[in-house]
Amino acid sequence: MADSAVTIERPDVQARLAGLSASIQALYEHAPFGTHTLAADGTYLQVNALQRAWLGLPPDALLGKKTPTDFLTPASLAKYQKHLSAYGSHGFADLELDILGQNGSTRPVSLTYSGNRDANGNHQTSRSVLFDLTAHNHRVEQQRVAALAFDSLAGMCVTDSLGHVLQVNRAFTTLTGYSAEEAQGQPMSMLSSGRHNQAFYSAMWASLQNHGSWQGEIFNRRKDGQVIAEWLSISAISNADGKVTNYTATFYDITANRAAQDQISQLAYFDPLTQLPNRRLLLDRLAQAAASTSRSGKGGAVLFIDLDNFKTVNDTLGHDEGDKLLLQAAKRIRSAVRETDTVARLGGDEFVVLLDGLAPPAADFIHQAEKVGHKVLKALALPYVLRNKDFLCAASMGVTILVDGTTLSALLQQADLAMYQAKKKGGNTLCFFDPAMQNSLAERVGLEQDLRRALGLQQFQLYFQPQFNRHDQIVGAEALLRWFPTGREPVPPAVFIPLAEESGLILPIGQWVLETACQQLKAWEAQPHTQALQLAINVCARQFAQPDFTDQVTRTIAQYAIDPTRLKLEITESMVLDVEDVVTKMNTLRAVGVRFSMDDFGTGYSSLSSLTKLPLGQLKIDQSFVHNMHAKPIDAVIVRTIIGMAQSLGLEVIAEGVETEDQRAFLIENGCLLLQGYLCGKPMTIHAFEALLTQHAIRPASAPAMD
Ligand code: C2E
Ligand code: MG
Ligand code: MG
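Okay, structure coming up:
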């Protein structure tokens, strides 16, 4: 029996017991966990060293006084008391608490409690064992973070040392389409897209072996077959011996980034409308062509193309239709040349074709380039369908042959110059570059610069060319613009008007013409003998196409308070592309009283039906027909036809460019009763014109013009 054994009073047993007690005590004191014994009233009877260290207190500060509840955080205190009252009589295990050290630090512990009772079942002492959970909790937290990270938006995958999938995260499934079950056990190569060669994968493995990691862009294939661009990082995981046990792969879908990048490079090198190479890419290709032709002895040529009528289409039909035309033109050029030739769009209606690989001998290069050039021009000269109607918009082309040593920009400039030469010839034709053209370019550039300043420097003047009836009475005048630049010869309108139209300067200049004409009409209104004079001004397509053109005209009429019926606007057939818009604008102005004359009539393509829709007052027979009437019978027929047409449409008809008595007689005889031309008077200053008025009778205000 244990009790009787304890009562044996043998000195060696006593000593052994004391020794045993001391070692138990030592064990208790130095146990690698915290432990304490409490009295029945809950005060400390014994606290071991580790627990004292956790609490930061010497033994004296505890024994017989403090209770464990003094060393718990408020939340843990509540938990402890709840457990104590519920399970205290039986004891409890692994209660997680935070104990509070003297310095305010907390420590997570797991507490196991057991109580001792006396023979009557009364609560005696109790003993608790506490394990420090700090390290354990830390590990748990790490695992939790790892699990969260594994569940990130990036696709992740862990493989064995041979690259077979062990584990994947949810994003992996989203990005690749493979579920965890499908992926597990599969080699990573199941994702390969076939877009990379063996060298790519060899380099990847080499990097993994040598550096333990690889990262870069890769194309992978989803389960559904779609190829996605990924940014992939792979790391090798090695064991303590340095042997690779696993690989982890993390990847992001960068397909959208790549698409954006592609788009950026598309924008940088390609024209957004036609998708053709732009000037930058063209220069690049030109450099390549120049290098390869000088090596191979083959030839190259630059074809510079400018559409002849594009500005009119754009100005009158609007930019959307203009864009459609450009797209069609781009397609036609592309299909007229070989796949290997470069077709670029420089902007606006300018295209460039770069031909390379022309077969030697060099003397044949011109012939070959010309052949291709004509093929392109032929394709461009076919009608374009816009708003269900046919439009003609042929092109002018300048060609230059690649010659060693010529800079790229000089080549383009040469082709551009030759193109202008083709324009000058009337368009729909091709010209080769000739060095003499270089001078004319310098001149043109200088001219445009001067033109920009001309209005501010008051270098413009209106000249007046009288218009007569058959009784030799002056019925009015056409105002013709003159430019007198300081320090150089006057520039003819045929030169500066197209320049002003191209640069847009025609808009402010046109407004100046309108205002000056109104001012003149106002002055004439003040004099009884000049009151009845009509003044015609020329309006070009670009002016007329402005959305607020009618406002500009009515505002100016109001500003100068003139009689609007004295003002006549000369328009041309080429501007009547968008009949509806022109008719609306003309009707608005017609309602105000403004009159219209169709200038250069017979040279355009206007159909009779569109002509009848326009509220015209007058047809003006183009001077080319008048000029040739006696030499070319067909022109005489045309003149008579126009006169007859005007009569049947109830329109006035006037002939311009009348230079001889014979012409005058023929016109009057055939019913054209209004005349304008050198025979009756050249365009002249206002002083000269007013002097002329004193020599001629002016048609009285009451008489109709053609009377
Ligand atoms: P247009 O409106 O057809 O003007 C008639 C042109 O024929 C004028 O040339 C005039 O000087 C010329 N001319 C008149 N009678 C005769 C003749 O008997 N024989 C010959 N050979 N020529 C004659 P100009 O003044 O050089 O003007 C040329 C063109 O410039 C005009 O043709 C017109 O389209 C344009 N233009 C002139 N002034 C203006 C203007 O203020 N605004 C706009 N937008 N264009 C204008
Ligand atoms: Mg005119
Ligand atoms: Mg004319």
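Okay, so the sequence shown: first residue is -9 according to my numbering, each after it adds one.
No residue lacks a Cβ here, since even glycine has one placed at the ideal position from N, Cα and C.
Between the C-alpha atoms of residue 40 and residue 58, what's the straight-line distance to the nearest angstrom? 15 Å
Just list the beta strand (DSSP E) runs in the stretch 222 to 253, keeping only unbroken ones of 3 residues or longer that don't cross its boundaries, in chain order. 234 to 243
Hey, would you say the C-beta of residue 589 is under 6 Å away from at least one heavy atom of ligand 4? Absence of ligand 4 is noted for the structure shown, with ligand 1, ligand 2 and ligand 3 being the only ligands found.
Should residue 491 be counted as a contact of ligand 3 given a C-beta to heavy atom distance under 6 Å? no
Between 610, 23, 54 and 687, which lies nearest to residue 593 when the distance is taken from Cα to Cα? 610
Start-to-end residues for the alpha helix (DSSP H) that takes in residue 651: 651 to 659
Can you tell me which of 149, 525 and 84 puts its alpha carbon nearest to the alpha carbon of residue 785? This structure cannot speak to residue 785, because the chain is shown only from -9 to 697.
Please tell me whether residue 389 and residue 353 are closer than 7 Å, where the distance is taken between their beta carbons. no
Would you call the stretch 288 to 297 and the stretch 340 to 347 touching, i.e. three or more CB-CB distances under 8 Å? yes
Along the chain, which unbroken stretches of the beta strand (DSSP E) at least 3 residues long are found entirely within the stretch 292 to 372? 332 to 337 and 340 to 348
Nearest-angstrom beta carbon gap, residue 689 and residue 465 [assumed within contact, 8 Å]: 5 Å
Check whether the Cβ of residue 646 sits closer than 6 Å to any heavy atom of ligand 3, and report yes or no. yes
Using only alpha-carbon positions, find the residue among 152, 539, 521 and 22 that is nearest to residue 38. 22
Quick check on the burial criterion: 16 or more other C-beta atoms within 10 angstroms. Buried or exposed for residue 666? buried
Answer yes or no: the CB of residue 667 versus the heavy atoms of ligand 1, is any distance below 6 Å? yes
Own chain, CB closer than 7 Å to residue 119, minus 5 neighbours either side, in chain order: 23, 25 and 102
Looking at residue 268 and ligand 2, is the gap between the Cβ and the nearest heavy atom below 6 Å? no
Looking only at C-alpha atoms, which of 404, 669 and 217 sits nearest to residue 455? 669
Return the first residue and the last residue of the alpha helix (DSSP H) that residue 490 is part of. 483 to 493
Return helix, strand or coil for residue 26, following the three-state DSSP convention. strand
Among 257, 204 and 94, which residue has its Cα nearest to the Cα of residue 237? 204
State the beta-bridge partners of residue 473 as determined by DSSP. 450 and 481
Quick check on the burial criterion: 16 or more other C-beta atoms within 10 angstroms. Buried or exposed for residue 378? exposed
Identity of the residues DSSP links to residue 598 by a beta bridge: The partner list for residue 598 (beta bridge, DSSP) is empty, contrary to what the question assumes.
If I measure Cβ to Cβ from residue 300 and keep anything under 8 Å in the same chain, skipping five residues before and after, which residues do I get? 312, 315, 316, 338, 339 and 383
Output the residue ranges of the beta strand (DSSP E) runs that lie fully inside the stretch 51 to 103 and measure 3 residues or longer, sorted by chain position. 82 to 90
When the Cα atoms are used, what is the spatial distance from residue 355 to residue 499? 45 Å
Does the distance from the CB of residue 434 to the CB of residue 370 come in under 7 Å? no
Just reading off the beta strand (DSSP E) that residue 508 is part of, what are its end residues? Premise fails: residue 508 lies in the alpha helix (DSSP H), 496 to 516, not in any beta strand (DSSP E).
Measuring CB to CB, does residue 504 end up less than 7 Å from residue 525? no
Beta-carbon contacts of residue 413 that lie in its chain and below 6 Å, excluding the five residues immediately before and after: 386
Is the closest heavy atom of ligand 2 to the C-beta of residue 560 under 6 Å? yes
Looking at ligand 1, does it come within less than 6 Å of residue 340, judged from the CB to the closest heavy atom? no
Buried versus exposed call for residue 491 [16 or more other C-beta atoms within 10 Å across all chains shown]: buried
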